[in-house]
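Number of protein chains: 4
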Amino acid sequence: MAHDIKRVVLAYSGGLDTSVILKWLQTTYGCEVVTFTADLGQGEELEPARKKAELLGIKPEHIFIEDVREEFVSEYVFPMFRANALYEGLYLLGTSIARPLISKKQIEIARKVGADAVAHGATGKGNDQVRFELSYYALEPEIKVIAPWREWDLTSRTKLLEFAESHQIPIARDKRGEAPFSVDANLLHSSSEGKVLENPAEEAPEYVYQRTISPEAAPDKATYITVGFEKGDAVSVDGLALSPAALLTRLNELGKENGIGRLDLVENRFVGMKSRGVYETPGGTILLQAHRGIESITLDRGAAHLKDDLMPRYAELVYYGFWFSPEREMLQALIDKSQEFVTGEVRLKLYKGNVEVVGRSSPYSLYNQDLVTFEEGAVAYDHRDAAGFIKLNALRLRTLANRTRRIGV
Amino acid sequence: MAHDIKRVVLAYSGGLDTSVILKWLQTTYGCEVVTFTADLGQGEELEPARKKAELLGIKPEHIFIEDVREEFVSEYVFPMFRANALYEGLYLLGTSIARPLISKKQIEIARKVGADAVAHGATGKGNDQVRFELSYYALEPEIKVIAPWREWDLTSRTKLLEFAESHQIPIARDKRGEAPFSVDANLLHSSSEGKVLENPAEEAPEYVYQRTISPEAAPDKATYITVGFEKGDAVSVDGLALSPAALLTRLNELGKENGIGRLDLVENRFVGMKSRGVYETPGGTILLQAHRGIESITLDRGAAHLKDDLMPRYAELVYYGFWFSPEREMLQALIDKSQEFVTGEVRLKLYKGNVEVVGRSSPYSLYNQDLVTFEEGAVAYDHRDAAGFIKLNALRLRTLANRTRRIGV
Amino acid sequence: MAHDIKRVVLAYSGGLDTSVILKWLQTTYGCEVVTFTADLGQGEELEPARKKAELLGIKPEHIFIEDVREEFVSEYVFPMFRANALYEGLYLLGTSIARPLISKKQIEIARKVGADAVAHGATGKGNDQVRFELSYYALEPEIKVIAPWREWDLTSRTKLLEFAESHQIPIARDKRGEAPFSVDANLLHSSSEGKVLENPAEEAPEYVYQRTISPEAAPDKATYITVGFEKGDAVSVDGLALSPAALLTRLNELGKENGIGRLDLVENRFVGMKSRGVYETPGGTILLQAHRGIESITLDRGAAHLKDDLMPRYAELVYYGFWFSPEREMLQALIDKSQEFVTGEVRLKLYKGNVEVVGRSSPYSLYNQDLVTFEEGAVAYDHRDAAGFIKLNALRLRTLANRTRRIGV
Amino acid sequence: MAHDIKRVVLAYSGGLDTSVILKWLQTTYGCEVVTFTADLGQGEELEPARKKAELLGIKPEHIFIEDVREEFVSEYVFPMFRANALYEGLYLLGTSIARPLISKKQIEIARKVGADAVAHGATGKGNDQVRFELSYYALEPEIKVIAPWREWDLTSRTKLLEFAESHQIPIARDKRGEAPFSVDANLLHSSSEGKVLENPAEEAPEYVYQRTISPEAAPDKATYITVGFEKGDAVSVDGLALSPAALLTRLNELGKENGIGRLDLVENRFVGMKSRGVYETPGGTILLQAHRGIESITLDRGAAHLKDDLMPRYAELVYYGFWFSPEREMLQALIDKSQEFVTGEVRLKLYKGNVEVVGRSSPYSLYNQDLVTFEEGAVAYDHRDAAGFIKLNALRLRTLANRTRRIGV
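These protein sequences, in sequence, are chains A, B, C and D.
Count along the first sequence from 1, then add 2; that gives the number in the numbering used here.
Count along the second sequence from 1, then add 2; that gives the number in the numbering used here.
Count along the third sequence from 1, then add 2; that gives the number in the numbering used here.
Count along the fourth sequence from 1, then add 2; that gives the number in the numbering used here.
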């Protein structure tokens, strides 16, 4: 296997691990490495990645660096939020949703530079390897995939550092020791897992959190904001129109400052084991509540319940890595069909970790005060209709009860 | 219709409205009224209801007063929480779950006293009339049902008060004016709707909340608690074994003190319109998180995802009033089947409106640190298995992609 | 109520019942009646309906007669068959699917002629009243609906005939006696119910069947046909391109001749009771098998299984009358999304009531002989991948089994 | 890997392939082989398997032969038929349902004889390997699994025969040449796939069918039978009480004689590719119709629709091999809960490939002739109830339509 790769596109962060992978690919496969580094809003500068790639011998024309934040939010995050997706009832899928985009970019670059393989830095026990590779294959069925963590023998931190040193890969001082946990970050969230978090009975230490201040540290006074929506997507904060990425950035700031979006979760991985993760999704947590709020007055019940029934399946598909699958796209078509009038404004109260919807309004509101009021009105609601409605809904239950009575059980 | 009722069992709170109903039944139907007053944990004394019933001419042997709190929590609330039920993603179903129990008691009393009818005080626009009546019919198919709010002409507050006065029904001073909103309460929750809440764009005023203090008013220091579970039901708080009702009472105190469990929601009623409600479910909000927490380490993924997929349907059935239906009972059988090993302890942090699971442990834990660890281990996980797993999961996607490539779209 | 209708659009067949309704509307409501008679392929001439309407005093410009067969098949039948819809596992929904179209036409005519009401001839115990009226309201929310069978006192055949005679409504000789069962027909199917069919333990007599010959009477030799599909819809039979209605007509002939499409069913009505019906859907039965056949080689598994999971819900919506609802439209969007490559040819064997798919081919086939063959091949399938696939799928089950072993149950 | 197996329990048919496997296990792993041969109703005698095993050097006490037909039908086939399970709308799962039982027996024997491994003869491209191995692991998490077809190099018929000859394995004359297709059989069905069936455009030749005569060859006169049910399971044919296996045997005869139960299908395997199979399920095809027939009068609509909604998922689990999984067991609990009153008799007409339900009766029937009749009756159905029922069901659709009108789209 090691012999027939000519050129590989590596998802490259510029960090120690992917630098080791880069060098390992060169030495093991004897192939040319092309790097792809994306700005997904992870909060790191990208130019150091370029320098490091150059240093490791990558040709300038083979170093691809791209700011994909707008594409990430508009084509991945927002469609997912139209579904109100939560994996296992709680997780906002911040890592899952970034993988398909990175994969897609790698495949595009592979076509451009004529590469015959792609590689990623995900480990052999996690979900990310699945998400990367299902995406690769769905987009380029004959691509070769290299997953170094499943292949090499650098199975301990020590070996990894030795390899780095022996190949002149610079090691930042703070990378010498082992990190106390493993991290992923993008504009939607930060996740932490492993090491100190591996005992699910122990509370996550405060230093694990990187993206939010604690509720305790948040201001003692609530912040009120208004999020505007058009056709299911957020378009403004406090009246200011913002691009998708700018909007999520703004919600992240608001969430962070108010201690919003922390989640400590034991979840079920697609590869079959349970793992414990700590997630911070400050803006996303606000966005989910806001989206549910605007839907609450603009979506019909039939549409809303159908969406709710299918949400866990949609979330599972995203989590498992089936973004580029017909079934995810079919569900998306169903969801998007429902969002045409999900337009309006939601007012939210942010306070020390809490996000509360406190007001909603829409030119397309289906809420009808005349209909619901306790006051007698001129509207099309006849109390006697309720009697018939109940009677026919009860008919089958009465038939059942008559059987029970008849047979005496 | 008004002529053929001999004896009716009324769900009687002792308040003004059901007292008016009581008298209206006597005068309109000329029938004997039997009252049923339940202690569901609504926080009111019941003896005044007895006195008032006597005053209104009900025979002592026809006044039924019962403390049903334990039955309510163990037979209704807990089974529902095994499902992690949330209506429309957010509502903990506090009103919905109490109706079937009241209905069941009324039917039992009707059989005991030989009544041919039952009556309730729910209005003609709400969900509760449906919940009461579906339950009545499911349990006693030929029972006659009287829903005064759908029949009478006391269609304004003024008319109601006039009727009360003309029939010597005592009116508490604070009932003279109209209440600023309508309320329901039991051990699980309090709900408020109508009047000042009818504009969904306006924030609910603080005085609406009756069951919880605000997050702002809650202590500045977090409270940590441990909830113990056995087979899916909570059995202890901080190591102290408690009966179901006592446990929920304790969680309510903890929730109340920490500003937990408020919800401001626009929801879709079964009768077809949207309404806005404010809910307070302090203990239930803690219980849901705790139950999800203990499930996270004790439930298999297949079981958990099946439960998540069916939860919205279960919640819809409860909300719509189909508690006593074959389909709810079938879903319950499925859910209960999953709870055998949902046993253990969950540690939670309560802080100013937030409930966070911070630790979980169980003798039946499926979490396997050896399996998930980044460290190399002796456990049954071969990284190469992941490659095959991904390859076969990708096979159909690659076949699809090959088709796309073949036809050039 | 009877006084405020000015002009009503009646779904008029020209038969005795709707003629009585026509006259009853004129006399009871004192309103102008506009008739709409549709050719849905029921196999009756329409001109007699025009003459009868004129005879009953309808103005020529208020008599609407339209051949809607093409619209019926292309806009209603075909979209439904894309879903492979079967109600309660067996029923092809032949009556259900025609009602929304008739309703839509009535509403369009009501707008054209300025009518304030619509009326239909469905009884008060059936599903059709629901289907008509939900469609009316969904399309024209303030329309008034008259359902004579729920209002009048013509509650026996005798009274109906008396009314007809007293109003000079011609009664065909064979309508004098009571029909032995009740019938509905259109291009998709014929249904029979009531009377001799009301005992579900008794076999339906042969004379109930009107649309098909019996399997016994069908030819002793099989007929082979080929149905061509494009994007999920049938477009040709035996290589001959046909319009939707012409194609269904052709399949009906083929089905009829071969004794195909009979169904004797006890089903659950939306209004709450069980009923027994006999259905004949000759062409539709062939079409369903053919569509499943072409999907079997062109649809991906993920798409196919998602469709299968949602089919019962789609069928229920159609049966209940929610064609014009957001949730049906959302499901349709999901289904249609899957049909882009459902193109190709299916060969079927028709023989004495049997329809068997015996061959399928498509330029977009996903069937890959190289992949599936037992022979060793050069294709991208490594047997060792299966080992990893199984291992990771088994991981959670092994974890469970280890728990069972550990706790000794 | 080849070195650490001491004793392996092989699912042994006595045929050429598993005899080769037996010998291969002995020679490759140097381990002791224990054989398990089950009578699942495949229609072959078992004693020759014993002789052959002895001949191949298996100790008599290590040869396990068991008639598991009753267990197969009562514990696997019948529970599955309670679900009306059809994979991909058509396949009765005849192969899938047998694998868990064989696996369970192998594990039980492994415990008895102290074996550390199990082995099966399924190939590396099929579903059966998954079904066997998921079952093994679910029952005995640390068992070692040997799948010779994925490991050895006997990758052609020629090599297999050479191996057999060189190891003195007797080869039946008709096994010399390659079989024109691959076969599996048990009391529920026979399946054929591969070779002449690999082109899905070609009709399956008549000689593929082994278990049924063709509809053409079946009698020209219909056969009527009555199947009795108790709590969801068939218990009698034509009034004669039969054990589960005897009953299925009887239905198989009836089906076979009447040309019933053939299916030609392209299906989606769990391992990711499409395959074409020909199935014969004569008795099962009758049983499914009969079960649906008895359910049609004894199951409430809510129960029936919930079952229908979940059926595809249940069928998928069985097909994929997850019989011993919590989610299949949870679904089973739900299904079984519904079957308490699925008792009564169904009359069926069998004729040249057709199975028609022509009558159903039950002491627990929910069919109510008084309720459904067109005749006016004294029953609890008020036509005016239908008006209210429709009005409230329409309310949300009217609200939607009013929005549409308001915004002028």
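Cβ coordinates follow ideal geometry from the N, Cα and C atoms, glycine included.
Computed from a predicted structure; not experimentally measured.
Range of the contiguous alpha helix (DSSP H) that encloses residue i
| i | result |
| --- | --- |
| B:Tyr353 | B:Tyr353 -> not in any alpha helix (DSSP H); beta strand (DSSP E) instead, spanning 346-353. |
| B:Asp372 | 371-374 |
Inter-residue CB distance, residue i and residue j (contact presumed, cutoff 8 angstroms)
| i | j | result |
| --- | --- | --- |
| B:Thr20 | B:Gly123 | 5 angstroms |
| B:Thr214 | B:Lys276 | 24 angstroms between Cβ atoms; not a contact. |
| C:Phe66 | C:Thr30 | Wrong, their Cβ atoms sit about 22 angstroms apart, outside the cutoff. |
| D:Asp387 | A:Lys393 | 4 angstroms |
Residue i at chain A interface by Cβ criterion, 7 angstroms
| i | result |
| --- | --- |
| C:Ala305 | yes |
| B:Val192 | Going by the sequence as given, residue 192 of chain B is Ser instead of Val. So no, B:Ser192 is outside the interface. |
| D:Thr366 | Here residue 366 of chain D is Tyr; the residue named in the question, Thr, does not match the sequence. Taking Cβ atoms only, chain A reaches closer than 7 angstroms to D:Tyr366, which makes this a yes. |
| D:Arg362 | no |
| C:Arg398 | yes |
CB contact check: residue i to chain B, cutoff 7 angstroms
| i | result |
| --- | --- |
| D:Val273 | yes |
| D:Ala317 | no |
| A:Ile7 | no |
Start-to-end residues for the beta strand (DSSP E) that takes in residue i
| i | result |
| --- | --- |
| C:Gly230 | 225-232 |
| A:Phe66 | 65-69 |
| C:Gly361 | 356-363 |
| B:Ser184 | 184-187 |
| D:Ile148 | 146-148 |
| D:Glu218 | That residue, D:Glu218, is in no beta strand (DSSP E); it is neither H nor E in DSSP. |
| D:Tyr281 | 276-282 |
| C:Leu428 | Not covered by the structure: residue 428 of chain C. The range shown for chain C is 3 to 411. |
| D:Asp176 | D:Asp176 -> not in any beta strand (DSSP E); alpha helix (DSSP H) instead, spanning 175-178. |
Exposed unless 16 or more other CB atoms sit within 10 angstroms - verdict on residue i
| i | result |
| --- | --- |
| A:Ala174 | exposed |
| D:Pro2 | Residue 2 of chain D is absent from the model: chain D starts at 3 and stops at 411. |
| A:Ser158 | exposed |
| C:Tyr383 | buried |
| B:Ala219 | exposed |
| A:Ser369 | The sequence given here places Tyr at residue 369 of chain A; Ser does not occur at that position. It counts as buried. |
Closer than 7 angstroms to chain C by CB, residue i
| i | result |
| --- | --- |
| A:Lys339 | yes |
| D:Glu200 | yes |
| D:Pro207 | no |
Residues that residue i contacts on chain G, provided the C-beta gap is smaller than 8 angstroms
| i | result |
| --- | --- |
| A:Lys393 | In summary, chain G is missing from the structure at hand, where the protein chains are A, B, C and D. |
Any chain D beta carbon closer than 7 angstroms to residue i
| i | result |
| --- | --- |
| A:Arg405 | yes |
Point to revise | Inter-stretch contact at 8 angstroms, needing at least 3 Cβ pairs: the segment 97-114 of chain A / the segment 312-329 of chain A | key: In short, these stretches touch, since the Cβ pair count reaches three.
**Study point:** Cβ pair count under 8 angstroms reaching 3, the segment 212-228 of chain C against the segment 275-293 of chain C
**Key:** When C-beta atoms of the segment 212-228 of chain C are compared with those of the segment 275-293 of chain C, three or more pairs fall below 8 angstroms, so the two segments count as touching.
Review point. Looking at C-beta atoms only, is the number of pairs between the segment 75-88 of chain A and the segment 333-341 of chain A that lie closer than 8 angstroms three or more?
Key: Between the segment 75-88 of chain A and the segment 333-341 of chain A, the count of Cβ pairs shorter than 8 angstroms is three or higher; the stretches touch.
Check your understanding: Any contact of the segment 300-319 of chain A with the segment 83-96 of chain A, i.e. 3+ C-beta pairs under 8 angstroms?
Key -> Flag = yes, the segment 300-319 of chain A and the segment 83-96 of chain A touch.
Exercise for review: Decide yes or no for the touch test of the segment 339-350 of chain B against the segment 232-248 of chain B: beta carbon pairs closer than 8 angstroms, at least 3 of them.
Suggested key: Because the criterion of three Cβ pairs below 8 angstroms is met, the segment 339-350 of chain B and the segment 232-248 of chain B touch.
**Study point:** At least three beta-carbon pairs within less than 8 angstroms, the segment 301-311 of chain B to the segment 389-404 of chain A
**Key:** The segment 301-311 of chain B vs the segment 389-404 of chain A: no contact.
Check your understanding: Just checking, does the segment 344-354 of chain A make contact with the segment 159-172 of chain A on the three C-beta pairs under 8 angstroms criterion?
Key -> Contact annotation: the segment 344-354 of chain A does not touch the segment 159-172 of chain A, with fewer than three C-beta pairs closer than 8 angstroms.
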